[in-house]
Every structure is written in structure tokens, then in C-alpha cells.
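To start, the structure itself, in C-alpha cells.
In the working numbering, the protein residues as written are 26 to 549.
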């Protein structure tokens with residue numbers, strides 16, 4: 026018989042392993058045996074097979090917990106680091122600009138001017154960011170303006186941007202130069218005189234310049250000649266004229282002769298548009314506020330030189346019922362065209378006199394006047410006369426449009442005979458067109474295109490009618506008298522314009538632009 030060296034059991038000689046504990050009979054004894062009972066496990070034997078597996082599992086769990094704790098701690102560290110970085114960008118920038126890396130300004134222009142030195146602001150301004158960040162970036166230029174004459178050294182750095190195509194870079198540079206003082210004025214005057222028919226921004230550049238000069242007050246006295254020239258230029262945009270008049274008024278008593286010349290320009294030319302009447306009113310109020318003598322103007326008869334005197338044709342004053350009663354029908358029609366406030370009363374008086382057809386004709390013609398004020402009043406007057414609003418239009422008040430975007434400039438819709446027509450202009454930025462041919466990165470590739478869609482619905486149309494146009498080049502795209510629907514009957518029609526572009530950005534990622542220009546409502 027064989028005795029197991031581990032558990033002490035006896036077995037037949039032919040067996041190689043103990044039938045109880047499977048220990049080889051040739052293995053050394055691991056414990057002292059007492060009697061025939063099983064050997065008691067020592068601490069060493071409990072660490073075999075199963076014990077070792079439990080130890081490994083415990084080690085893995087502990088390692089996992091440690092790694093998880095490290096990851097969480099690392100995440101909090103990175104998050105807090107990013108938050109710290111965001112909060113301390115201004116401090117880092119104030120301590121010194123490293124290389125050409127652009128950083129956010131520490132706050133508004135006033136806070137940025139307080140934290141940063143002139144040289145730091147100049148270095149930050151030189152590092153022009155991507156187009157989507159120029160609004161924030163312009164804070165540096167405005168902060169330089171708040172430094173005043175301390176920032177004279179910044180003039181050569183700001184000056185090249187006064188005619189820049191980017192709205193925010195341009196406005197920031199002008200505001201900075203205006204704040205620095207008289208030495209920055211010649212560069213803003215360069216923008217006020219800027220004319221380039223090939224540049225779609227030329228009018229807004231002059232307008233921005235007039236606004237910047239108006240902020241200078243008496244320090245802009247050397248701009249008097251150029252401001253007057255802008256006001257009396259018959260081809261100048263009325264928005265430029267308005268801010269040029271405000272700039273002259275801000276100069277003060279030194280500008281009285283120029284204000285009088287501008288005033289008589291409007292009176293002597295035999296009438297003003299409604300928009301120009303606002304410019305004239307600015308001039309009159311400025312002269313009145315300075316108690317300045319008003320020179321006689323040829324266009325004013327009977328010695329009427331008061332500051333509240335309106336233009337010969339387009340007076341902005343309210344007309345009473347008694348005023349209307351004293352006017353002849355031709356005078357009423359003139360007043361209907363020129364007066365922005367009393368259209369409904371004037372139309373009612375014309376109807377009372379049996380001149381409804383003439384009133385409707387005049388009101389419908391006024392719908393097409395893009396300089397006309399009181400468009401809502403015109404529509405209400407036509408509605409009360411039960412006459413259709415045959416023409417409607419809309420214009421973008423936030424020009425220019427960024428080069429990485431698309432947008433509306435202006436558009437119109439009308440009913441003529443039995444058809445709906447539309448005309449208009451949109452703008453497509455050069456970066457959008459460049460992105461049509463760029464390769465896209467990522468798993469999803471967008472089809473690249475630029476389109477604008479005109480849709481008309483309502484009235485007698487059973488289904489909306491839609492026309493889609495492609496825009497494959499940068500700059501303006503226009504459509505003129507495009508027929509959107511034919512064979513229409515009486516009723517109200519809604520016309521919508523939708524702009525859609527898909528292209529690749531410089532980094533290869535896809536971008537989608539959707540621009541809804543709203544709707545126009547017309548009748549037949």
C-alpha cells in the first residue's frame with residue numbers, strides 16, 4: 026500500500042496519484058500527519074492555485090481603481106487648467122506676447138486698455154485672427170483709441186486698415202485713430218474720400234469714416250472741408266451725408282459757415298427726398314442749438330429762415346385736417362408723395378374729393394421708391410382704399426456680408442398683369458466659392474454648392490411654385506424680372522427667398538450655411 030505524502034491516505038501500489046487530493050505519490054510531504062486524518066493547510070498551501078488567482082484579481086481591481094482615480098484627477102486638472110487659461114489669457118498677454126499667437130482680449134475696450142500697454146496692444150493688433158474673430162479682435166484697436174495721444178505710435182499700424190474689406194477691422198481701426206486724435210484724422214479722411222466702383226464696400230467705408238469723425242467732436246475741425254463736400258455731393262449716399270452733418274455739428278461754432286452752406290444747398294436745389302430731409306433737419310437743429318445766425322437761402326421765400334423750416338417739397342411736419350382742407354388736389358398728391366407721416370389722412374381727403382384713382386396710382390408708385398419712408402403707412406392707406414399692394418421689397422441693413430458667408434443685398438416682388446415677378450441681388454463670399462473645390466476631411470463628405478431658391482405661394486395657386494438658381498462665383502448675383510408664376514388670379518401671394526451653401530473650410534471640415542431672407546407679400 027502507498028501512503029499519500031500530503032493527506033496521509035493509503036492507496037494500492039498501482040496508483041500514481043492519491044485518489045483523494047490528486048497528489049503524486051512521489052511528492053514530498055508538506056505537513057506533519059497525525060493519525061490517518063487529512064493534513065491541515067498551512068498559510069503557504071493556501072496561496073497555491075485558487076489563492077494566487079484571487080491575489081491577481083485583487084491586484085487588477087486595485088490597479089483599475091488607481092488608474093480611474095488618476096484619470097479623474099487628470100480630467101479635473103485639464104479642465105481646471107483650461108478654465109485657468111481662459112481666465113488668465115489677459116494676464117499672459119499683459120506679461121508679454123509670445124511669438125505671433127493671437128489671444129482673446131481681457132474684456133471690453135476699456136478693460137483691455139487698462140490691463141495692456143500700448144506696445145502690447147500694437148503687437149496684439151498686428152496678429153490678425155481668422156475672419157470669424159475680427160469683431161473681438163477690433164477691441165485692441167478701440168483700446169488704443171482710449172489711450173489717446175499716448176498711442177501715437179499705433180497710427181502707422183492702424184492706418185492700413187481704414188479701407189479694409191472686413192467690417193470690424195475697418196471700424197476698429199477708424200475708432201482707434203479717432204480716439205488717438207488729430208494725427209489720426211488724415212487717415213480717416215482717406216476713407217471718407219474712398220471711391221472704388223469695383224469694391225462693393227466703398228459706400229460703407231465712407232459711411233464708417235463719417236461715423237468715426239463724428240465721434241471726434243471739436244478735434245475734427247480739420248475735416249470741415251471734406252465733410253461739407255460729402256454733404257453737398259449729389260451722388261453721395263444719404264447715410265454718409267447724415268453722419269457727415271452730425272460730424273460738422275460736433276465740431277461746434279467753427280463749423281457754422283459750413284453748416285449754413287450745407288443748409289442752403291438743400292433749400293436752393295428745389296426740394297429734397299424724404300431721406301435728405303433728415304439730413305437737413307440735423308443741420309437746422311445744430312445751428313439752432315448753437316444760437317448761430319442762419320444765412321438767407323434762395324430756396325426760402327418770404328424771409329422764412331427758421332431752424333424748423335422744412336424743405337420746399339418734403340416737409341416732415343404733421344399736417345392737420347385744416348391744412349389739408351386748404352390744399353388743392355395737386356398739392357395733396359405732392360404731400361402724399363413727400364410727407365412720411367400723414368399718408369392716411371391725405372388719402373382720405375383725396376377720396377373725399379373724388380380723386381381715389383389718383384391717390385391709388387400715387388401710393389402704388391411710392392411702393393417702388395427705395396428711399397421712401399413710411400412704407401407701412403403706404404400699405405395701410407392702400408388697404409383702406411381697397412387697392413392691392415402690387416409691389417413689395419426688402420433690403421439688408423447689415424451690409425457688408427463677410428467673405429466666408431452668403432447673404433441678401435436687396436430684393437423685390439410684384440404682380441404685373443397675371444404673373445408674379447421678382448428682382449434682387451445676393452452676395453457670395455470668396456471663401457465660400459474657394460471652399461467648393463477644396464477636399465473635405467472626415468467620414469461624411471457634403472455635396473458642394475451655392476444656391477438660392479425663390480418660392481411663391483397663396484392666392485389662386487393650388488401648389489407653391491419654386492425656382493432654384495446656382496451661384497458658382499464670388500461677388501454679387503442678381504436676377505431681374507424673373508417670372509415666378511404665371512396665370513395667377515386675384516388674391517394675396519407670399520414670396521420667399523432662401524440661400525443655401527455647402528462647402529469646405531480651410532481646415533477641410535464641411536460647413537453648411539442657411540440664410541432665410543424672409544418673405545414679401547403682394548396682391549393682384
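Glycine included, every Cβ here is placed at the ideal spot set by N, Cα and C.
Residue i classed as buried or exposed, judged by whether at least 16 other C-beta atoms fall within 10 angstroms
{"i": "residue 163", "result": "buried"}
{"i": "residue 195", "result": "buried"}
{"i": "residue 167", "result": "buried"}
{"i": "residue 291", "result": "buried"}
{"i": "residue 9", "result": "It is not possible to answer for residue 9, since the shown part of the chain is limited to 26 through 549."}
{"i": "residue 222", "result": "exposed"}
{"i": "residue 548", "result": "buried"}
{"i": "residue 350", "result": "exposed"}
{"i": "residue 318", "result": "exposed"}
{"i": "residue 527", "result": "buried"}
{"i": "residue 30", "result": "buried"}
{"i": "residue 487", "result": "exposed"}
{"i": "residue 230", "result": "buried"}
{"i": "residue 455", "result": "exposed"}
{"i": "residue 534", "result": "exposed"}
{"i": "residue 506", "result": "exposed"}
{"i": "residue 149", "result": "buried"}
{"i": "residue 336", "result": "Residue confidence for residue 336 is low, a pLDDT of 37 falling below 50, so the modelled location carries little weight; the figure read from the coordinates is stated next. Buried."}
{"i": "residue 191", "result": "buried"}
{"i": "residue 35", "result": "exposed"}
{"i": "residue 309", "result": "buried"}
{"i": "residue 531", "result": "exposed"}
{"i": "residue 37", "result": "exposed"}
{"i": "residue 543", "result": "exposed"}
Where the alpha helix (DSSP H) containing residue i begins and where it ends
{"i": "residue 359", "result": "354-363"}
{"i": "residue 165", "result": "159-171"}
{"i": "residue 139", "result": "134-140"}
{"i": "residue 408", "result": "400-409"}
{"i": "residue 368", "result": "368-377"}
{"i": "residue 146", "result": "143-151"}
{"i": "residue 227", "result": "227-239"}
{"i": "residue 214", "result": "210-217"}
{"i": "residue 388", "result": "381-391"}
{"i": "residue 254", "result": "249-257"}
C-beta atoms of residue i and residue j nearer than 7 Å
{"i": "residue 311", "j": "residue 274", "result": "yes"}
{"i": "residue 198", "j": "residue 240", "result": "no"}
{"i": "residue 524", "j": "residue 445", "result": "no"}
{"i": "residue 152", "j": "residue 193", "result": "no"}
{"i": "residue 300", "j": "residue 253", "result": "no"}
{"i": "residue 188", "j": "residue 165", "result": "no"}
{"i": "residue 16", "j": "residue 276", "result": "In the structure as shown, the chain begins at 26 and stops at 549. Residue 16 is therefore absent and cannot be evaluated."}
{"i": "residue 501", "j": "residue 450", "result": "yes"}
{"i": "residue 208", "j": "residue 180", "result": "yes"}
Assumed close pair residue i, residue j - CB separation to whole angstroms, cut-off 8 Å
{"i": "residue 369", "j": "residue 375", "result": "With a Cβ gap of about 11 Å, residue 369 and residue 375 do not count as contacting."}
{"i": "residue 464", "j": "residue 540", "result": "Their Cβ separation, rounded to whole angstroms, is 25 Å, which puts residue 464 and residue 540 out of contact at 8 Å."}
{"i": "residue 143", "j": "residue 169", "result": "7 Å"}
{"i": "residue 514", "j": "residue 483", "result": "Residue 514 to residue 483, Cβ: 11 Å. No contact."}
{"i": "residue 392", "j": "residue 371", "result": "Between residue 371 and residue 392 the Cβ distance is about 16 Å, and since that is not below 8 Å, they are no contact."}
{"i": "residue 522", "j": "residue 477", "result": "7 Å"}
{"i": "residue 176", "j": "residue 210", "result": "With a Cβ gap of about 14 Å, residue 176 and residue 210 do not count as contacting."}
{"i": "residue 511", "j": "residue 417", "result": "About 19 Å; that fails the 8 Å criterion."}
{"i": "residue 504", "j": "residue 447", "result": "7 Å"}
{"i": "residue 161", "j": "residue 186", "result": "With 8 Å as the limit, residue 161 and residue 186 do not qualify as a contact, their Cβ atoms being about 15 Å apart."}
Range of the contiguous beta strand (DSSP E) that encloses residue i
{"i": "residue 285", "result": "Where residue 285 is concerned, there is no enclosing beta strand (DSSP E), although the alpha helix (DSSP H) it sits in stretches over 281-293."}
{"i": "residue 483", "result": "474-483"}
{"i": "residue 450", "result": "444-453"}
{"i": "residue 517", "result": "517-529"}
{"i": "residue 440", "result": "431-441"}
{"i": "residue 266", "result": "That residue, residue 266, is in no beta strand (DSSP E); its alpha helix (DSSP H) goes 263-276."}
{"i": "residue 202", "result": "Looking at the DSSP string, residue 202 is not in any beta strand (DSSP E); the run it does join, the alpha helix (DSSP H), is 192-205."}
Nearest neighbour of residue i, chosen from the options [CA to CA]
{"i": "residue 462", "options": "321, 451 and 474", "result": "474"}
{"i": "residue 265", "options": "279, 226 and 408", "result": "226"}
{"i": "residue 217", "options": "280, 373, 228 and 510", "result": "228"}
{"i": "residue 385", "options": "406, 354 and 393", "result": "406"}
{"i": "residue 213", "options": "236, 193, 224 and 32", "result": "236"}
{"i": "residue 453", "options": "429, 534 and 154", "result": "429"}
{"i": "residue 439", "options": "138, 414 and 286", "result": "414"}
{"i": "residue 436", "options": "534, 545, 537 and 426", "result": "545"}
{"i": "residue 46", "options": "32, 37 and 285", "result": "32"}
{"i": "residue 412", "options": "425, 395, 387 and 426", "result": "387"}
{"i": "residue 557", "options": "277, 285 and 304", "result": "Beyond the ends of the chain as shown, which are 26 and 549, falls residue 557; an answer cannot be given."}
{"i": "residue 322", "options": "289, 359, 529 and 352", "result": "289"}
{"i": "residue 496", "options": "36, 490 and 457", "result": "457"}
{"i": "residue 140", "options": "161, 172, 157 and 302", "result": "172"}
{"i": "residue 408", "options": "146, 179 and 373", "result": "373"}
Closer than 7 Å to chain D by CB, residue i
{"i": "residue 490", "result": "Absence of chain D from the displayed structure is noted, only one protein chain being present."}
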